[in-house]
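In the UniProt record's numbering, the protein residues as written are 1 to 336.
One structure is given below, encoded as structure tokens.
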């Protein structure tokens, strides 16, 4: 497997960034200490001799003649060597220090995947039994509404388990698919699917897409990302509003931007909404009611984007709405 095809999930990138940050800080601290010592040596030597004696050799008892200038030069060279050594050692130490964290994250993914697999079957059976019960009840039965709510809760649990399983499998996959997919077609499929849900809130989803945009990402993964972004937008968009989905193409990238007219991101740093299980206690939905969510869908978008060399970020968020953009590398034309 080549380096370009190697899977790098968001957790791995976060660990690498933390390692570089800590290593850099340690190296800077060590460099500062060495610099202070070298400056102190310079100041002491220069304070003990006159400028005219700077280049004059000073004999010692063993007839070794060393000028103050040579001493200062040797101290400077030694200081630079110590700074470089401190940088290398700090990188090695921090790299080894974060390895256990990476192991813990891999164990966590394995546990999530195993737990999700074990939960899928009993939840599917529960939903099937509730469906049978719902069909058997007469329309005027007072328990019909309760059973319908139970089915809705069971479906929500199934969606959460599926999201958890997909998140774990993305991080543990062997390698990215190299199939070239049509991003615009995949986005349109997601828009058509979510339009059926948005109609209940009288929300319109509009797609503004240019010419076909090929990306080296499976169409199913693109659709999954856009569905998650639209699901988030529909939940927070006010009734009767419009959600726009724009596709912009550059020479190297293709970006999908979903913009809603909701109240904006509240109670949490916008950069953290893509963290797994990130939640806000002050978030409100389109109807003005408190809403927290489980923080899984948007984390999947980041996982998929990072897996294929892309990224996701909040373009802007205010009382006028929120815009989130998913950027992916544009597929290069096939060599003839």
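The C-beta atom is built at its ideal place from N, Cα and C for all residues, glycine as well.
Since the model is a prediction, treat every value here as computed from it, not as a measurement.
Determine the extent of the beta strand (DSSP E) in which residue i is found, giving its start and end residues.
i	result
residue 255	253-259
residue 49	Per DSSP, residue 49 belongs to no beta strand (DSSP E) and is neither H nor E.
residue 326	321-329
residue 245	242-249
Using the DSSP secondary-structure output, state which residues sit across from residue i in a beta bridge.
i	result
residue 127	Bridge partners of residue 127: none, in fact.
residue 34	Looking at the DSSP assignment, residue 34 forms no beta bridge with any residue, so it has no partner.
residue 314	324
Is the beta carbon of residue i sitting closer than 8 Å to the one on residue j?
i	j	result
residue 271	residue 325	no
residue 230	residue 222	no
residue 331	residue 161	no
residue 250	residue 201	no
residue 299	residue 275	yes
residue 234	residue 209	no
residue 86	residue 27	yes
residue 134	residue 146	no
residue 78	residue 45	no
residue 197	residue 101	no
residue 215	residue 329	yes
residue 347	residue 267	Residue 347 cannot be examined here, being either before or after the span of the chain that is shown, 1 to 336.
residue 261	residue 248	no
residue 194	residue 217	no
What does the Cβ neighbour count give for residue i, buried or exposed, with the cut at 16 atoms within 10 Å?
i	result
residue 319	exposed
residue 23	buried
residue 152	exposed
residue 111	exposed
residue 186	buried
residue 90	buried
residue 138	exposed
residue 118	exposed
residue 263	buried
residue 322	buried
residue 206	exposed
residue 94	buried
residue 83	buried
residue 40	exposed
residue 17	exposed
residue 32	exposed
residue 237	buried
Where does the unbroken alpha helix (DSSP H) through residue i begin, and where does it stop?
i	result
residue 180	Note, residue 180: premise wrong, no alpha helix (DSSP H); not H, not E.
residue 300	297-307
(request) Could you pull out every unbroken beta strand (DSSP E) segment of at least 3 residues lying fully inside the stretch 190-236, listed in chain order? (result) Taken in chain order, the complete beta strand (DSSP E) segments of 3 or more residues contained in the stretch 190-236 are 204-208.
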